Each structure stands twice: as structure tokens, then as C-alpha cells.
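A short write-up of the structure that comes next.
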Amino acid sequence: MPPKVQESPEIVLTRARAKRDDILNSIKGIYATALEARSDVSRVPSLIIHADDLNRLVEQFQSQRDVIINALIDLNRIAEFEQVDRPLVTSMESIRLEIKTIVASAVHVSAASANISEIKSSSTAAASQHFIPLPKIELPHFDGDLLEWRSYRDIFVSLVHDNTLIGDAQRFHFLLASLKGDALAVVKSIPLSADNYALAWEALSDRFDNKRLLASAHLDKLFAFKPIAHESLPALSSFVNTFKKKCVFN
Numbered sequence: 076m077p078p079k080v081q082e083s084p085e086i087v088l089t090r091a092r093a094k095r096d097d098i099l100n101s102i103k104g105i106y107a108t109a110l111e112a113r114s115d116v117s118r119v120p121s122l123i124i125h126a127d128d129l130n131r132l133v134e135q136f137q138s139q140r141d142v143i144i145n146a147l148i149d150l151n152r153i154a155e156f157e158q159v160d161r162p163l164v165t166s167m168e169s170i171r172l173e174i175k176t177i178v179a180s181a182v183h184v185s186a187a188s189a190n191i192s193e194i195k196s197s198s199t200a201a202a203s204q205h206f207i208p209l210p211k212i213e214l215p216h217f218d219g220d221l222l223e224w225r226s227y228r229d230i231f232v233s234l235v236h237d238n239t240l241i242g243d244a245q246r247f248h249f250l251l252a253s254l255k256g257d258a259l260a261v262v263k264s265i266p267l268s269a270d271n272y273a274l275a276w277e278a279l280s281d282r283f284d285n286k287r288l289l290a291s292a293h294l295d296k297l298f299a300f301k302p303i304a305h306e307s308l309p310a311l312s313s314f315v316n317t318f319k320k321k322c323v324f325n
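Everything in the sequence shown is counted per this note's numbering, starting at 76 for the first residue and increasing by one.
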């Protein structure tokens, strides 16, 4: 068997640019779906499915970028990268960030306005099946306040985490849409993918489902309760309600 002939840097460069352009077109296709979902919530499920491919496409794009850089170095034409290739890298990054922004926004709007039963039926119903619509329910929201963690956790687990009719990709998007502030900061650096949902939920639970911290937060709330200056039924009722709410926790 004759030895494999090494391709010239020029051929390597041409092939890498062709592959990169094809990958960029695929990313632009996801972007087109994202733009549709921004104005039409019925397109959100399709966007979620396509968005799962985004990270893989970006990695492939970056791999071809590296091949292009190496080929240009071999050809002593590295300055060409800034003129010919850099604009496409910048364009890809801009599109990627816009897609992620639209995904987070679209899922939030969909979760706030769509009937949860409609989301379930859209992923499982056959043409002959009929579902009784459930009351419209908005997703809970959590900003990192420990006193609100139990309530948020129980509702989210019931509506999303234990919902067998949706996939982990959708669960991850619903999770991001329901978080803000310190809570969102815990998971926002985790790449959006079905495989990473369990990792994101575990990170959130490890951070806030801490009995010692929960107990401390509830005690702080009790100690901050304003002393009753004059005994009265409303004042006593307020204290009892606060005590029951803040002292009974898992």
C-alpha cells in the first residue's frame, strides 16, 4: 500500500473553510428557528430541540477555525485570517449569543402563558387521542432567597422535574426560565443540553437544599420579628403565623 500523500496547506485551507461555512449555515438555521419562536410560542418546542445541537455545532466550527489558522501559518498568510475569517468568527459568536438569549426569553414566555397540559400533549398525543385541559399554571420563580426554596422546589419538582412527558432538554430550559439572581448564577455557566440537566439541578439543590442554612435563615427571620408592644389578637396571630411558617421545614 503506497504511503498516504500529505495534502498541501492550500487544500487543507480550502476544505476547512468549506466545512466551516457549512457549519455556520446550520447555526444560522437554528437562529432562524429562534427568530420564529420569539414571535410564535408554538415554535418553542422546535427551538428547544434544535438548540440542543448548538453547542456541538459551535465546537465543530471552532475546530475548523483552528485548522484554518494552522494552514494559514503554514502558507505564511496568517494576516489573511483577520480580513477573511475573523468576521465569520465574530458573526458566529453574535448569532450564538442571540440564540441563547432568545431561547431563555421564549421559554420564559411560553411557561408563563402556555397551558402545562398543552406542553405535555404536544410531545405525546397521537391524532386520535384527546386530553382534558388542565388549569393554566405558571412556573414558580426563585431568586436565591432561602426562605422561599422549599416552596419553589416542591412546585418545580411537581410540574417539571417529575413530569415524565417532557425531556431533560425541556426541563433544563424551564429551570433556567424559573431562576434569577443568585439562583440563576449557580447554573448559568452550565452548557444547555439534555445531558446537563441533572448536573444543573444537583448544583442548585446542593447550594440551597441545605438544612443547616435553612434553619439559620428561619431563625434569623424569627429573631427579626418585631416585639409585640401591646397584646392584641392580630399581633399574636401574626406571630403565631410567622412561627408556624418559618419553623416547620424539611
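Quick reminder that beta carbons are idealized off the backbone N, C-alpha and C, glycines included.
All figures in this text were calculated on a predicted structure; none of them were measured in a lab.
Sequence-distant residues of the same chain with beta carbon closer than 8 Å to residue i, five excluded per side
i, result
"residue 179", "248, 251, 252"
"residue 127", "244, 267, 268, 269"
"residue 227", "215, 216, 217, 253"
Three-state class that DSSP yields for residue i in the structure shown
i, result
"residue 254", "strand"
"residue 190", "Any answer about residue 190 is weak, because its pLDDT of 47 lies below 50 and its placement is not dependable; what the coordinates show is given next. DSSP places residue 190 in coil when its eight states are reduced to three."
Contact set for residue i: own chain, Cβ-Cβ below 6 Å, skip 5 residues either direction
i, result
"residue 243", "269, 272"
"residue 332", "Any answer about residue 332 is impossible in this case: the structure gives the chain only from 76 up to 325."
Cβ distance (whole Å) where residue i is taken to contact residue j below 8 Å
i, j, result
"residue 99", "residue 163", "6 Å"
"residue 217", "residue 254", "6 Å"
"residue 159", "residue 87", "15 Å between Cβ atoms; not a contact."
Backbone CA spacing between residue i and residue j [nearest angstrom]
i, j, result
"residue 102", "residue 170", "8 Å"
"residue 173", "residue 276", "24 Å"
"residue 233", "residue 264", "25 Å"
"residue 129", "residue 105", "8 Å"
"residue 93", "residue 137", "13 Å"
"residue 220", "residue 155", "52 Å"
"residue 95", "residue 145", "14 Å"
"residue 257", "residue 97", "39 Å"
"residue 177", "residue 222", "31 Å"
"residue 238", "residue 84", "53 Å"
Close-in-space but distant-in-sequence residues of the same chain around residue i (CB under 7 Å, 5 per side omitted)
i, result
"residue 108", "118, 121, 122, 125"
Proximity test, residue i beta-carbon vs the ligand COA heavy atom, cut-off 6 Å
i, result
"residue 95", "The ligand COA is not among the ligands present in this structure, which contains no ligands whatsoever."
Residue-chain proximity (residue i, chain B), Cβ-Cβ < 7 Å
i, result
"residue 100", "Judged by its chain identifiers, the structure shown contains no chain B, having just a single protein chain."
| message | If we require 3 or more residues per run, which beta strand (DSSP E) segments fall completely within the region 104-151? | response | none
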